[in-house]
Amino acid sequence: MFIDEVISDNIKKAFNDLYGRNLSQVGVEHPQNPLWGDYSTNVALVTAKNFDKQPFTLAKEVLLWLQNADLQDYFEDISVAGPGFINFTLSNNYLLSQLLLVLKEAQDFGAGNIGSGKKIALEHSNVNPNKAAHIGHLRNAVIGQFLERAYEFVGYDVKVQYYSNDLGVQVSTLLLGMEELNLGFDSAQYKKFDHYAWDIYAKISQMIDNDTHLKKKLADLIVKLDNRDNEISQKQSELSKKILKDNLATFSSLGIDYDLIVYESSIKDMLMWEETFEILKKNERVYLATEGDSKGCWLVKMSDSSRATLNSEESVNRIEEDKIIVRSNGVPTYTGKDIAYHMWKFGLLNKDFKYNKVISTSQGKDLYETVVVGYDKKDFSASDIVMDVIDVKQTYAIDAVKKTLGYLGYKEQSCNLIHINYGHVYLSNNTAVKLGYSLEEDDRGQIAMSGRKGVGVKIDDFIEMVEESLKSRFGDFPNIKDVRNAVIKFDMLRYDTFQDIVFDVDDALSVKGFTGPYIQYTHARTNSLLEKARYIIDDESLDYAVKRFKKLEINSSAQDVLKVVYKFPEVVMQSAKQYAPNLMCVYLYDLCQKFNSFYNDSPILNAETPDIKDFRLFLTASVKQVIKNGLYLLGVNAVDRM
RNA sequence: GCUCCCGUAGUUCAACGGAUAGAAUUUUGGCUUCCGAAGCCAAAGGUGCGGGUUCAAUUCCCGCCGGGAGUACCA
């Protein structure tokens, strides 16, 4: 049981006992100033008015009740402060018991089972197979991996899906560039095929914009593909897979892997769209437009207000507000197909894909792909929860899918479709200049990446830059790839996912301060201490040791560390529930900072007495474990040396 | 036009409606006979504007000002 529950339960009892009132909610938080204690509640301030008392007086009465309750095991002090906060200070006994728990539960410390095995289909990365992955995709993948690990850690069964859009406009454009035109690029000049495709795609996109003949050619190609023209589809499939393979290699070098690749072409070939469309057509909120700009298209209503209540002018506007799912030429839009895809994810279709195991040496786990002829495999469909890590720009489209599920009567599924949106990644001017891009005239200090313009930082290049930078500073060393990945992943996870971020190469290459290597460094430091001391963890001696520690005077810097360690399980829950990896980053940084201060002012191997030395090693060992568990969730390896 | 998001130190980011708005970076000054200086300690520097809601507003509401995105038979 978490401490905040202990507090809120007791507060409720107190109010019931003292005033015969049932409180529905009690706000418990960690005060920002450590002088106020470890937990505090504002319950007296919030409820004072109802009791016609001064908040401070009310708090004092509740305090008396709490002091008589049997809470000494948890708290060494409970007091009233400020305008009427009730503050709780944890007892050393409790804090020590938590350290003990860390070492006993080891890699499971902080884990939970609120998921009780429920299935989550987590979709992330999803690079269109027409170019190399860039740092926007990087942010997506890294957030995705955090969610995968965090939700597994709290007891869900998570399957990671990578959606490969091998039919749409973007791949067709690339195919046109590759097959039909000699654009003057030499594929031998590139280190990877997807990098070559990057330049081809940018070039052909620019050309198409200014050439109606090319536009027509592209449109024909798209229709042929959608009709599954044999020759074209074959070419397309080969091209897409070649690029997909390169994209996966990029992610795999960062230790990011997947359970299943879902091809858009499989959805098409399994006729999932057709089955879905039959269901949709019968729904009253899905309609065929008979007038206006969208004449001949099928649309999904995006608003609940009825068209009948509007005048004709407003009615026209309403049509524009709705979402087109089938074009007038009968080809479904991305959103249309996405509805079918999500129906499958939730197991709402009568169909399932066939599966094929992908042979891959770089993957950490078994990887499957969808095929038309292959094996049956039941565990990918029929998920309880669907999480899509997708750019904030697609909120409207996802919303259409969500609404549609609701319209079809799948309320629960509609609620359980969770769009994890994240802000855009821009390049700083400094970075753009370094990469040789010209700045626009209306310079705002940042520029947007664009596949069509070929503007962006490829993940592969970024990885290489970080590794070179590390080598030039520290020379080559055995764990350099782990440190490199820490730099990259932490840099992407440290922000609120909601925020747009400005990517600056120089900042990103930093290994000082609030960075991954700082955390890894602290871990390496704890490791080296424990190695030197030949510290061995075994349950019996630990129990005995903790009894002795209770009599020790614990210095304040050690106390500060203790008061961070115990929060880890709370932070795991909070960052998972809020889809907020940055909370874990902040927590780990705080932990490491406190530990490094402690390390700096308290000798460990040469401590004053054997008992103090034992205690400090015990503390060090638990810090090491927590860092390791936390970094794991962020997708970062905790290294023993660097 | 409509909808959504964002405006916080020079810069990049924090702050479930809470008590003295925190970090990093930059700059300046200190800390290695001793456990890893990728470290520690210290100084300096801030809520776009105007109203409202309440015990309490960076946070919620309204109006401005400034930035971004969506609303495309693109994805």
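Sequence positions in the first sequence follow the working numbering and run 528 to 1169. Just so it is clear, CB atoms sit at the ideal spot from N, CA and C, and this is done for glycine as well.
Go ahead and label SER977 buried or exposed: buried means 16 or more other beta carbons lie within 10 angstroms of its beta carbon, across all protein chains shown. Taking the first residue of the first sequence as position 1, residue 977 is located at position 450. Classification for SER977: exposed.
Three or more C-beta pairs closer than 8 angstroms, one from the region 674–687 and one from the region 638–648: is that the case here? Segment contact: the region 674–687 against the region 638–648, three or more CB-CB distances shorter than 8 angstroms; contact assigned.
Return the chain-ordered list of same chain residues with a C-beta closer than 7 angstroms to the C-beta of GLU848, the five sequence neighbours on each side being excluded. One-based indexing of the first sequence puts residue 848 at position 321. For GLU848, where only same-chain residues beyond five positions count, the Cβ hits under 7 angstroms are MET829, SER830.
Going by other Cβ atoms of all chains shown within 10 Å of its Cβ, with 16 needed for buried, is CYS1119 buried or exposed? Translated into the one-based positions of the first sequence, residue 1119 becomes position 592. It is buried - the Cβ of CYS1119 has at least 16 other Cβ atoms within 10 Å.
On the three-state DSSP scale, how would you describe ILE530? Residue 530 sits at position 3 when you count from the first residue of the first sequence. The answer is helix: DSSP assigns ILE530 an H, G or I state.
Going by the beta-carbon positions, is the gap between ALA1171 and TYR678 smaller than 8 angstroms? Residue 1171 cannot be examined here, being either before or after the span of the chain that is shown, 528 to 1169.
Using the rule of at least 16 other Cβ atoms within 10 Å of the residue's Cβ for burial, across every protein chain shown, is PRO1130 buried or exposed? Your numbering for residue 1130 matches position 603 in the first sequence. Residue environment analysis places PRO1130 among the exposed positions, since fewer than 16 neighbouring C-beta atoms fall within 10 angstroms of its C-beta.
Just checking, does the region 1051–1059 make contact with the region 1072–1082 on the three C-beta pairs under 8 angstroms criterion? no
What span of residues does the alpha helix (DSSP H) with GLN625 cover, start to end? Within the first sequence, residue 625 is the residue found at index 98, counting from 1. Unbroken alpha helix (DSSP H) run through GLN625: 619–632.
Nearest CA to the CA of VAL899: which residue from LYS872, LEU875, SER792? The residue you call residue 899 lines up with position 372 of the first sequence. VAL899 has its Cα closest to that of SER792, out of LYS872, LEU875, SER792.
As a quick exercise: from LYS1140, TYR1114, ASN1127, ARG1168, pick the residue whose alpha carbon is nearest that of LEU1160. Position 633 of the first sequence, counting from 1, holds the residue named residue 1160. The residue with the shortest Cα to Cα distance from LEU1160 is TYR1114.
CB-CB length for LYS850 against LEU826, believed under 8 angstroms: The residue you call residue 850 lines up with position 323 of the first sequence. The residue you call residue 826 lines up with position 299 of the first sequence. LYS850 to LEU826, Cβ: 6 angstroms. Contact.
What does DSSP give as the partner residue(s) for ASN918 in the beta ladder? On the first sequence, position 391 is the one that residue 918 refers to. Note that residue 918 is Asp in the sequence shown here, rather than Asn. Looking at the DSSP assignment, ASP918 forms a beta bridge with TYR949.
Taking only three categories from DSSP, how would you classify HIS557? The count along the first sequence starts at 1 and reaches residue 557 at position 30. Reduced to three states, the DSSP call for HIS557 is coil.
Any chance you could list the alpha helix (DSSP H) runs of at least 4 consecutive residues sitting entirely within the region 1063–1090, in chain order? The region 1063–1090 contains, as complete alpha helix (DSSP H) runs of 4+ residues, the segments 1066–1076 (chain order).
Hey, is the region 880–889 in contact with the region 748–767, meaning 3+ C-beta pairs nearer than 8 angstroms? no
Cβ contact (3+ pairs, closer than 8 angstroms) linking the region 904–920 and the region 940–955: The answer is yes - the region 940–955 touches the region 904–920, with three or more Cβ pairs under 8 angstroms.
Would you kindly check if the distance between the Cβ of TYR868 and the Cβ of TYR882 is under 8 angstroms? Start at 1 with the first residue of the first sequence, and residue 882 comes out as number 355. Start at 1 with the first residue of the first sequence, and residue 868 comes out as number 341. Cβ atoms of TYR882 and TYR868: not closer than 8 angstroms.
Could you compute how far the alpha carbon of SER908 sits from the alpha carbon of GLN1047? For the purposes of this step, residue 908 is taken as the residue at position 381 of the first sequence. For the purposes of this step, residue 1047 is taken as the residue at position 520 of the first sequence. Going by the C-alpha atoms only, they are around 38 angstroms apart.
Which two residues bound the contiguous beta strand (DSSP E) that contains ASP684? Here residue 684 refers to the residue found at position 157 of the first sequence. Annotation for ASP684: the continuous beta strand (DSSP E) segment containing it runs 684–691.
Between which two residues does the beta strand (DSSP E) holding LEU1036 run? Locating residue 1036 in the first sequence gives position 509, where the first residue counts as 1. It is not in any beta strand (DSSP E) - LEU1036 carries neither H nor E in the DSSP assignment.
Helix, strand or coil for GLU818 per DSSP? Mapped onto the first sequence, residue 818 falls at position 291. Three-state result, GLU818: coil.
For SER567, does the three-state DSSP call read helix, strand or coil? On the first sequence, position 40 is the one that residue 567 refers to. It is a strand residue.
ARG1143 classed as buried or exposed, judged by whether at least 16 other C-beta atoms fall within 10 angstroms: Sequence index remark: in the first sequence, residue 1143 carries index 616 (1-based). Counting Cβ neighbours within 10 Å, ARG1143 comes out buried, since at least 16 surround it.
Within 10 angstroms of its Cβ, does LYS576 collect 16 or more other Cβ (buried), or is it exposed? If you number the first sequence from 1, residue 576 lands on position 49. LYS576 is exposed by the Cβ-count criterion.
Return yes when the Cβ of TRP592 is within less than 8 angstroms of the Cβ of ASP544, no when it is not. Here the question's residue 544 lines up with position 17 in the first sequence. Here the question's residue 592 lines up with position 65 in the first sequence. Judged by beta-carbon spacing, TRP592 lies within the 8 angstroms limit of ASP544, meaning their Cβ atoms are closer than that value.
Taking LYS1155 as the reference, which of GLY564, TRP725, SER652, VAL1092 has the closest Cα? Sequence index remark: in the first sequence, residue 1155 carries index 628 (1-based). For LYS1155, the nearest C-alpha among the options comes from VAL1092.
Inter-stretch contact at 8 angstroms, needing at least 3 Cβ pairs: the region 611–619 / the region 559–567: yes
Taking buried to mean at least 16 other C-beta atoms within 10 Å of its own C-beta, is ASN844 buried or exposed? Counting from one through the first sequence, the residue named residue 844 turns up at place 317. Per-residue confidence for ASN844 stands at a pLDDT of 47, beneath the threshold of 50, marking its modelled position as unreliable; the derived number appears in the next sentence. Exposed.
With a Cβ-Cβ cutoff of 8 angstroms, do ALA1085 and PRO1044 count as a contact? Here residue 1085 refers to the residue found at position 558 of the first sequence. Here residue 1044 refers to the residue found at position 517 of the first sequence. Contact flag unset, no.
Using the rule of at least 16 other Cβ atoms within 10 Å of the residue's Cβ for burial, across every protein chain shown, is ASP597 buried or exposed? Translated into the one-based positions of the first sequence, residue 597 becomes position 70. ASP597 should be labelled exposed.
Below 8 angstroms on the Cβ atoms is my guess for GLU706 versus LYS762; work out the distance and round it to an integer in Å. Locating residue 706 in the first sequence gives position 179, counting from the first residue. Locating residue 762 in the first sequence gives position 235, counting from the first residue. About 6 angstroms; that satisfies the 8 angstroms criterion.
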